[in-house]
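Novice: Chains as they are written, first to last, in the working numbering: chain A, 10 to 278; chain B, -2 to 287.
Glycine included, every Cβ here is placed at the ideal spot set by N, Cα and C.
This structure is in structure tokens; I'll ask about it shortly.
Now the structure itself:
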């Protein structure tokens, strides 16, 4: 088995606003292996984006530790590429310059840089667009460029926060297929956040199912289906049905436990 | 310009080929510019017509309410010196235009660069913001006119007090907008730059904050430039002996209302042109916006 790439160990995260404290994530432990495609699946507000932000180093845990290659994560770094919900491209840079905007890429000589831009634009099917500005592209194209930018800087892992949620259904399907292709090509470790059960089954090696308020990883399910996966196949549907049942079950279970609804109000001082 | 407009037009329908139809659209673009000019001229022409009608009614003596023709003739004389009707301003328009424009330019460059630099600095550092911003916000409501006595007392009559006032007037809007632009750069872009490897404060500024704040900085500079023209007219009425502001006030002392109107229209025209120039600079710098 591949070594553990990323790990969350008993991670807890609470947010304070004014006098109220919200527990976003409680006692979450999960290991992600090298080269693995892991989906974090759960309803909105279940803390899956919080896990991603902690892994990215954008936020610090209230308790517990997060590690990359057994090293504690204590801030953002270019070993972890992030693909955001919105494309987050730099609007003042052309597509080509965006792809080449990573620190590692910029440090390279111009010829090599151009080669990298050419290669990654070809990979995402946007050759010939390097002189366009993000504004001139459609939502799906921008998100592809964001993926190319993330990959071009050669991160060890890719953290993707519902990257296709804002796209129309057709663009989303196309990008899902492409992401699998790119992942098979690069074999990066990917953590992919989604609230879409079908998307999780289509993409992941393993799905971590999360419950809300406070967020917890209750169960992980291996998706043992050969790629490319047929979303209309019997096996696919069986797994999707199984996941849906698990999601519903856990939602019902967490709703029954009053102790779990922990939006704690601390008294005014 | 027409080419640029047609490009924009071409990219509306088809994002994939924005350059494809630029040459075919050119005449249409020219026609659109003609239409723009036509619409823009409706109100000024109407105003001139009403002015002329009022002048013909002789509610006031012609000396106090000169006809449109008289104003036009005086203006033309300041420009060409063809009749000498504008006396010592005959053919002197350029001298005063240059005096005013020069002051605006120097004051604007000083006030604008200081405003942009201070605004960005204060926007970047919370501590600096806490120390500097309240004081600037307190000074800001003091009208520039109120600084004139102090400026003249310190710098005497001449260019220095005028430049000082213009720089002051330019500083505040530039400062405010630059500060705002820096503070409200899209946080997701900052996170994106961090994951790309730019984790120090200077890198953040160089790669994200500066560019993200640039549209606001330009907004501030444009507002500042407008205020610079207000300031130059004010300063020239009281603190200098040349420029359009001086021309206005001097003409009032000799009750040459036509020359006053000439001076006012001149400020309007040169101010408008300088704003267009600023807009052109902004567009050439921020190519990604158009």
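Hey, how far is the Cα of residue 148 of chain B from the Cα of residue 107 of chain B?
Specialist: Position 151 of the second chain, counted from the first residue, corresponds to residue 148 of chain B. Position 110 of the second chain, counted from the first residue, corresponds to residue 107 of chain B. Residue 148 of chain B and residue 107 of chain B: Cα-Cα distance of roughly 16 Å.
Novice: Figure out for me which residue from B/267, B/202, B/213 and B/56 has the closest Cα to the Cα of residue 122 of chain B.
Specialist: Here residue 122 of chain B refers to the residue found at position 125 of the second chain. With distances taken between Cα atoms, residue 122 of chain B lies closest to B/202.
Novice: Using a C-beta to C-beta distance shorter than 8 Å, which residues of chain A count as neighbours of residue 279 of chain B?
Specialist: Here residue 279 of chain B corresponds to residue number 282 of the second chain, with the count starting at 1. Chain A residues near residue 279 of chain B: none, gap ~13 Å exceeds 8 Å.
Novice: Taking residue 138 of chain B as the reference, which of B/166, B/227 and B/146 has the closest Cα?
Specialist: Position 141 of the second chain, counted from the first residue, corresponds to residue 138 of chain B. Looking at the Cα atoms, B/166 is the closest of the given residues.
Novice: Under a CB-based cut-off of 8 Å, is residue 91 of chain A close to chain B?
Specialist: Sequence index remark: in the first chain, residue 91 of chain A carries index 82 (1-based). Interface residue, yes.
Novice: Near residue 271 of chain A, which residues of its chain fall below 6 Å by C-beta distance, leaving aside the five closest residues on each side in sequence?
Specialist: Position 262 of the first chain holds residue 271 of chain A. The predicted position of residue 271 of chain A is uncertain, since its pLDDT is 43 and thus under 50; no value can be drawn from it.
Novice: Determine the chain A residues that contact residue 181 of chain B at a beta-carbon separation under 8 Å, and present them in chain order.
Specialist: Residue mapping note: residue 181 of chain B aligns to position 184 of the second chain, counting from 1. The premise fails here: residue 181 of chain B is roughly 15 Å from chain A at the closest Cβ pair, so nothing lies under 8 Å.
Novice: Leaving out five residues before and five after residue 206 of chain A in sequence, what residues of the same chain have Cβ atoms less than 8 Å from its Cβ?
Specialist: Position 197 of the first chain, counting from 1, holds the residue named residue 206 of chain A. Only residues of its own chain outside the window of five on either side were considered, and among them 50, 249, 252, 253 and 256 have a CB closer than 8 Å to the CB of residue 206 of chain A, listed in chain order.
Novice: Apply the 10 Å Cβ neighbour rule to residue 177 of chain A and answer buried if 16 or more other Cβ atoms are within range, or exposed otherwise.
Specialist: Counting from one through the first chain, the residue named residue 177 of chain A turns up at place 168. Exposed.
Novice: Use the C-beta contact count for residue 35 of chain A: other C-beta atoms within 10 angstroms, 16 or more gives buried, fewer gives exposed.
Specialist: Here residue 35 of chain A corresponds to residue number 26 of the first chain, with the count starting at 1. Buried is the call here.
Novice: Please list, in chain order, the chain A residues whose beta carbon lies closer than 7 Å to that of residue 273 of chain B.
Specialist: Along the second chain, read from residue 1 onward, the residue named residue 273 of chain B stands at position 276. Residues of chain A passing the Cβ test: none, with the nearest at roughly 23 Å.
Novice: Can you find a C-beta in chain A that's less than 8 Å from the C-beta of residue 216 of chain B?
Specialist: For this step, residue 216 of chain B is matched to residue 219 along the second chain. No Cβ of chain A is located within less than 8 Å of the beta carbon of residue 216 of chain B.
Novice: Report the residue ranges of all alpha helix (DSSP H) runs contained in full by the stretch 43 to 78 of chain A; include only those spanning at least 4 residues, in chain order.
Specialist: 57 to 65
Novice: Give the DSSP bridge partners of residue 40 of chain A, in chain order.
Specialist: To locate residue 40 of chain A, count along the first chain from 1; it is residue 31. Its beta-bridge partners are A/16.
Novice: For residue 138 of chain A, name the three-state secondary structure that DSSP assigns.
Specialist: For the purposes of this step, residue 138 of chain A is taken as residue 129 along the first chain, with counting starting at 1. In this structure, residue 138 of chain A counts as coil in the three-state DSSP scheme.
Novice: For residue 69 of chain A, return the contacting residues in chain B, with the cut-off set at a CB-CB distance below 8 Å.
Specialist: If you number the first chain from 1, residue 69 of chain A lands on position 60. Under the 8 Å cutoff, chain B gives no residues; its nearest Cβ is about 14 Å from residue 69 of chain A.
Novice: So for residue 133 of chain A, helix, strand or coil by DSSP?
Specialist: On the first chain, residue 133 of chain A is found 124 positions in, with the first residue counted as 1. The answer is coil: DSSP assigns residue 133 of chain A none of H, G, I, E or B.
Novice: Listing by chain order, which chain B residues have their CB less than 9 Å from the CB of residue 162 of chain A?
Specialist: By one-based count along the first chain, residue 162 of chain A stands at place 153. Those are 192, 193 and 194, listed as they occur along chain B.
Novice: Which class does residue 222 of chain B belong to by DSSP, given the choice of helix, strand or coil?
Specialist: Walking along the second chain from the start, residue 222 of chain B turns up at place 225. Three-state result, residue 222 of chain B: helix.
Novice: Under a CB-based cut-off of 8 Å, is residue 58 of chain B close to chain A?
Specialist: What you label residue 58 of chain B is simply residue 61 of the second chain in a count that begins at 1. The beta-carbon of residue 58 of chain B is placed no less than 8 Å from the nearest beta-carbon of chain A.
Novice: Hey, residue 38 of chain A and residue 17 of chain A: beta-carbon distance below 8 Å or not?
Specialist: As a working note, residue 38 of chain A is residue 29 in the first chain. As a working note, residue 17 of chain A is residue 8 in the first chain. It is a contact, given that the beta carbons lie within the stated cut-off.
Novice: Report the partner residues of residue 161 of chain B according to the DSSP bridge assignment.
Specialist: Translated into positions along the second chain, residue 161 of chain B becomes position 164. Residue 161 of chain B is not bridged to any residue.
Novice: For residue 45 of chain A, which of A/258, A/186, A/259 and A/168 has the nearest alpha-carbon?
Specialist: Position 36 of the first chain holds residue 45 of chain A. It is A/168.
Novice: Could you check whether the stretch 94 to 111 of chain A touches the stretch 149 to 168 of chain A, counting it as contact only if at least three pairs of C-beta atoms, one from each stretch, sit closer than 8 Å?
Specialist: yes
Novice: Scan the stretch 139 to 163 of chain A for residues whose Cβ lies nearer than 9 Å to a Cβ of chain B and list them as they occur along the chain.
Specialist: Answer in chain order: 141, 142, 143, 144, 145, 146, 147, 150, 155, 158, 159 and 162.
Novice: By the criterion of Cβ-Cβ separation under 7 Å, what are the contact partners of residue 87 of chain A in chain B?
Specialist: Along the first chain, one-based indexing puts residue 87 of chain A at 78. Simply 192, 193 and 194.
Novice: In the DSSP assignment, find the alpha helix (DSSP H) that holds residue 94 of chain B and state where it starts and stops.
Specialist: Taking the first residue of the second chain as position 1, residue 94 of chain B is located at position 97. In this chain, the alpha helix (DSSP H) harbouring residue 94 of chain B covers 90 to 121.
Novice: Between the stretch 138 to 145 of chain A and the stretch 202 to 219 of chain A, do at least 3 Cβ pairs fall closer than 8 Å?
Specialist: no
Novice: Report yes or no: is there a C-beta of chain A within less than 8 Å of the C-beta of residue 285 of chain B?
Specialist: Here residue 285 of chain B corresponds to residue number 288 of the second chain, with the count starting at 1. It does: the Cβ of residue 285 of chain B has a partner Cβ on chain A nearer than 8 Å.
Novice: Determine the DSSP secondary structure at residue 88 of chain A, reduced to helix, strand or coil.
Specialist: Indexing the first chain from 1 puts residue 88 of chain A at position 79. Of the three classes helix, strand and coil, the one that applies to residue 88 of chain A here is coil, per DSSP.
Novice: Please state the DSSP three-state secondary structure of residue 229 of chain B.
Specialist: Stepping through the second chain from its first residue, residue 229 of chain B is reached at position 232. Three-state DSSP puts residue 229 of chain B in a helix.
Novice: I want to verify the contact list: residues of chain A whose CB lies under 7 Å from the CB of residue 185 of chain B, in sequence order.
Specialist: Numbered from 1 along the second chain, position 188 holds the residue referred to as residue 185 of chain B. Simply 93, 95 and 97.
Novice: Hey, is the stretch 176 to 188 of chain B in contact with the stretch 96 to 110 of chain A, meaning 3+ C-beta pairs nearer than 8 Å?
Specialist: yes
Novice: Run down chain A in chain order and give the residues with a C-beta less than 7 Å from the C-beta of residue 199 of chain B.
Specialist: By one-based count along the second chain, residue 199 of chain B stands at place 202. Result: empty, since nearest Cβ-Cβ is about 13 Å, beyond 7 Å.
Novice: Indicate whether at least one CB of chain A lies closer than 8 Å to the CB of residue 159 of chain B.
Specialist: Against the second chain, residue 159 of chain B aligns to sequence position 162. Not an interface residue.
Novice: Less than 8 Å separating the beta-carbons of residue 229 of chain B and residue 163 of chain B?
Specialist: Against the second chain, residue 229 of chain B aligns to sequence position 232. Against the second chain, residue 163 of chain B aligns to sequence position 166. Cβ distance < 8 Å, so residue 229 of chain B and residue 163 of chain B count as in contact.
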